[in-house]
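Single-structure report; data block below.
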Amino acid sequence: MSARPSTLLLGGRRYSPAGSLLLAAPFFLILLLAFVLPLLMLLRESAFVPAPNLTHYARVFEQPAYLRILLRTLRIAAEATVITLLLGYPLAWLMSRSRGWRLALLLACVLLPLWTSVLVRTYAWLVLLQRDGVVNQILMELHVIAAPLTLLYTEGAVVLAMAHVLLPFMVLPLYSTLRAIPEDYARAARMLGASDFAAFREVVLPLSMPGAASGCLLVFLLSLGFFVTPALIGGPQQKMLATLVQQQVTELLNWPFAGAIVGVLLLIVLVLVAVFNRLVRLDRFVGQA
Amino acid sequence: MTEAAAIAVRGLTKRFGPVTAVDRVDLHVAAGEFLALLGPSGSGKTTILMNIAGFDYPDAGSITVGGRDVTFLPPQRRELGMVFQRYTLFPHMSGAENVAFPLKMRRIPRAERERRALEALETVRLGGLGDRRPSQLSGGQQQRVALARAIVYRPQVLLMDEPLSALDKNLREEMQIEIKHLQRALGITVVFVTHDQTEALTMADRVSVLDGGRLQQIGSPKELYERPETAFVAGFIGETNFWNGTLSAPAAPGEIGRIMLEGGGEAEAVASCALPAGPARLAVRPERIRLAPAGVAATVKEAIYAGNVTTLILRTGGPELRVRLAASDPACAAAPGTATALAWSPADARLYPA
Chain C
0 MSARPSTLLL GGRRYSPAGS LLLAAPFFLI LLLAFVLPLL MLLRESAFVP
50 APNLTHYARV FEQPAYLRIL LRTLRIAAEA TVITLLLGYP LAWLMSRSRG
100 WRLALLLACV LLPLWTSVLV RTYAWLVLLQ RDGVVNQILM ELHVIAAPLT
150 LLYTEGAVVL AMAHVLLPFM VLPLYSTLRA IPEDYARAAR MLGASDFAAF
200 REVVLPLSMP GAASGCLLVF LLSLGFFVTP ALIGGPQQKM LATLVQQQVT
250 ELLNWPFAGA IVGVLLLIVL VLVAVFNRLV RLDRFVGQA
Chain S
0 MTEAAAIAVR GLTKRFGPVT AVDRVDLHVA AGEFLALLGP SGSGKTTILM
50 NIAGFDYPDA GSITVGGRDV TFLPPQRREL GMVFQRYTLF PHMSGAENVA
100 FPLKMRRIPR AERERRALEA LETVRLGGLG DRRPSQLSGG QQQRVALARA
150 IVYRPQVLLM DEPLSALDKN LREEMQIEIK HLQRALGITV VFVTHDQTEA
200 LTMADRVSVL DGGRLQQIGS PKELYERPET AFVAGFIGET NFWNGTLSAP
250 AAPGEIGRIM LEGGGEAEAV ASCALPAGPA RLAVRPERIR LAPAGVAATV
300 KEAIYAGNVT TLILRTGGPE LRVRLAASDP ACAAAPGTAT ALAWSPADAR
350 LYPA
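Protein chains in written order, with numbering that gives the first Met the number 0: chain C, 0 to 288; chain S, 0 to 353.
What follows is the structure in structure tokens.
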């Protein structure tokens, strides 16, 4: 065998370390300049200026108003995650069992909203839910209600709109996991005496858990930092953490406190990712024939 | 052990769009019999099995198992065992949990199902490996677990869909013998789909040969090899030389007819069906042809040495013929270009419609 070439092999399968670095460099440069550095500066502001202290962090947890926003953010993110899971699982399952134009249609239905601006989709909910909006008008036409309901600026509205916007992030990982489960497993289960539902419960559902877990993680993390939808649909009453950060930075110019909120959010995210990693690694140990 | 059940397939027809995958197939499998469905891909063998299993429903015809009509019953209500081509062990369960799964679905108490799962694993000689996940087992071990899982609930019939095709040659031969022994020990009825003729002939009591969705012939391995009823079976089972020619007089089935061979020479052979005078086809196995002082003229083109046998390729006035000689035959040493003559006993050659 000849010596393995150490130069960058374009079109080959192996890249030398230097070649790999060169390919990834633009991405890492942008990541460093636009994300890591500003984040570190903000965190430094929150805890080390003028001297090391935790007063800003203490404020997040001590002020009832801020603590309420933190808890509401966590709750809304959890609710949005559960709703996307309930809506997304049947859809992903249907997609995994479809072929040809049916699959293309379903995929388009999931992806098209993803390619539409979040702002546009959020304004659509505004139009639907406002006081003289489509939903209230229909309900009044049908004499279901006498006076318009307050739909906008409620937690329910925020959760619903967020679930809608984030649904693709649940459906896509679920779909790819369900698709990878061979149909023969369910067949074998039925041959062995399982009803259609038992075959699903005992075989397909447990095997789809990694997809459900990554979908949930994705939706939950995106929900925690979600800005546009809660700001427009939730209004001041349903403020979430991202809106609070924006307020502290642009209106009050309180950078250290904004940094503390970001720090708390970051900590929650890191803990969740660590937990998720453990679960998924456990699953890898269990699974894969 | 539950009594083995007989299977009767009557007039089974299955169409996929314009394609008729299975065309009016009749099969009767006796209780405790091992039947192989043999055919090339697209012959309909897997479709027949899927209809017996209940994953597919026929367009016409009926299927009974042990006298019970199961034609349109869902698979979980047929009480059949099945081993699939790929192992289809559930990857999130241990081997023992996999084997206990059908018992769990039958609401058998945990202690009993654990005991019976262990028993079934011991039957396939995997007693100590029940705790392992499928991913920690070799291909052969996985297939044994699949086998244990298919017999643990004592089905009357075991269906097997090319269960050995993913294994390497040595392991495949070992498993063939083992499955055969297990089938005899359990006295279970087996329907076994394969495209490998050696596998079918080695394992089955009877083999049904399919082509283009039609049943070509059903019989014991010996019947199929010695007396193939159609030219397809003659060509598909074992190796056969075909030679076109003309029959001088009509021949009744089983009767010896005389054929004028294309390119010169004439020969006698047994008619496989009623043949009119005119074009016909002669088939003769390579090992049934002798090099003789007199007969059909031929020239040695090539001698291929393969240890226990030597294959001669001979040029004739018609097609090239293959002749298989035992290593002890002095004709093995024939040099290319040697002129010789070929002969065979009329009982060893068969006539088919052209």
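Just so it is clear, CB atoms sit at the ideal spot from N, CA and C, and this is done for glycine as well. Here the structure is a predicted model, which means the values were calculated and not measured.
#### Entry: Own chain partners of Y152 of chain S with C-beta closer than 7 angstroms, once the 5 adjacent residues on each side are dropped
P101, L102, R105
### Message
Just verifying my parser: in three-state terms, what is the DSSP assignment at V119 of chain C?
### Response
helix
#### Entry: Under the three-state DSSP convention, the category V123 of chain S falls into
coil
### Query
T355 of chain S to G263 of chain S, Cα distance in whole Å?
Beyond the ends of chain S as shown, which are 0 and 353, falls residue 355 of chain S; an answer cannot be given.
#### Entry: Listed by chain order, chain S residues near R101 of chain C by CB distance under 8 angstroms
Under the 8 angstroms cutoff, chain S gives no residues; its nearest Cβ is about 17 angstroms from R101 of chain C.
#### Entry: beta-carbon A147 of chain S near the ligand PLP non-hydrogen atom, thresh 7 angstroms
The ligand PLP is not among the ligands present in this structure, which contains no ligands whatsoever.
### Query
Name the chain S residues that come within less than 9 angstroms of L206 of chain C, Cβ to Cβ?
F89, P90, H91
### Query
Using a C-beta cutoff of 8 angstroms, does A52 of chain S count as contacting chain C?
yes
### Query
What's the C-alpha gap between V285 of chain C and H91 of chain S?
Reliability of the predicted coordinates at V285 of chain C is poor, the pLDDT of 49 falling under 50, and the value obtained from them is presented with this limitation in mind. Cα to Cα, V285 of chain C sits roughly 6 angstroms from H91 of chain S.
### CB contact flag (T339 of chain S, V308 of chain S, <8 angstroms)
no
### Query
Thinking just about the alpha-carbon of each residue, which of C:E78, C:L20, C:N52, C:T176 is nearest to the one in M94 of chain C?
C:T176
### Query
Would W100 of chain C be called buried (16 or more neighbouring beta carbons within 10 Å of its own) or exposed?
exposed
### Task
State buried or exposed for Q175 of chain S, treating a residue as buried only when at least 16 other CB atoms are found within 10 Å of its CB.
buried
### Message
Pull the bridge partners of D160 of chain S from the DSSP assignment, please.
### Response
S:V192
### Query
Would M159 of chain S count as contacting chain C if we go by Cβ distances under 8 angstroms?
no
### Message
Please list, in chain order, the chain C residues whose beta carbon lies closer than 9 angstroms to that of R148 of chain S.
### Response
A187, L191
### Task
Would you give the residue range spanned by the alpha helix (DSSP H) that A79 of chain C belongs to?
63-95
### Query
With 16 other CB atoms within 10 Å as the buried threshold, where does I29 of chain C fall?
exposed
### Task
Compute the beta-carbon to beta-carbon distance between G237 of chain S and R284 of chain S, rounded to the nearest angstrom, for a pair I have assumed lies under 8 angstroms.
6 angstroms
#### Entry: Residue-chain proximity (P382 of chain S, chain C), Cβ-Cβ < 8 angstroms
Here chain S covers residues 0 to 353 and nothing more, so residue 382 of chain S does not appear.
### L147 of chain C versus E96 of chain S - alpha carbon distance
Here residue 147 of chain C is Pro; the residue named in the question, Leu, does not match the sequence. Rounded to the nearest angstrom, the two C-alpha atoms are 57 angstroms apart.
### Query
Between the C-alpha atoms of V279 of chain C and R143 of chain S, what's the straight-line distance to the nearest angstrom?
29 angstroms
### Query
Mind pulling the chain C residues with CB within less than 9 angstroms of Y152 of chain S?
L191, G192
### Task
Name, please, each residue of chain S whose Cβ falls closer than 8 angstroms to the Cβ of Y88 of chain C.
The premise fails here: Y88 of chain C is roughly 18 angstroms from chain S at the closest Cβ pair, so nothing lies under 8 angstroms.
### Message
Please identify, using Cβ separations under 8 angstroms, the residues of the segment 210-225 of chain C that lie next to chain S, in order along the chain.
### Response
none
### Query
Which of the three DSSP states, helix, strand or coil, is assigned to S61 of chain S?
strand
### Query
Between R96 of chain C and the rest of its own chain, which residues show a CB-CB distance below 7 angstroms, the 5 nearest in sequence each way excluded?
none
### Message
Using a 10 Å radius around the Cβ and a threshold of 16 neighbouring Cβ atoms, would you call K44 of chain S buried or exposed?
### Response
buried
### Task
Apply the 10 Å Cβ neighbour rule to V24 of chain S and answer buried if 16 or more other Cβ atoms are within range, or exposed otherwise.
buried
### Query
Which stretch, first to last residue, makes up the beta strand (DSSP E) that contains L311 of chain S?
308-314
### Task
Determine the burial state of L350 of chain S: buried for a count of at least 16 other Cβ atoms within 10 Å of its Cβ, exposed for fewer.
buried
### Task
Could you check what DSSP says for N50 of chain S in three-state terms: helix, strand or coil?
helix
### Query
Looking at the unbroken beta strand (DSSP E) that takes in P278 of chain S, where does it start and where does it end?
277-283
### Message
Here's the rule I'm using: 16 or more other beta-carbon atoms within 10 Å means buried, otherwise exposed. How should A333 of chain S be labelled?
### Response
buried
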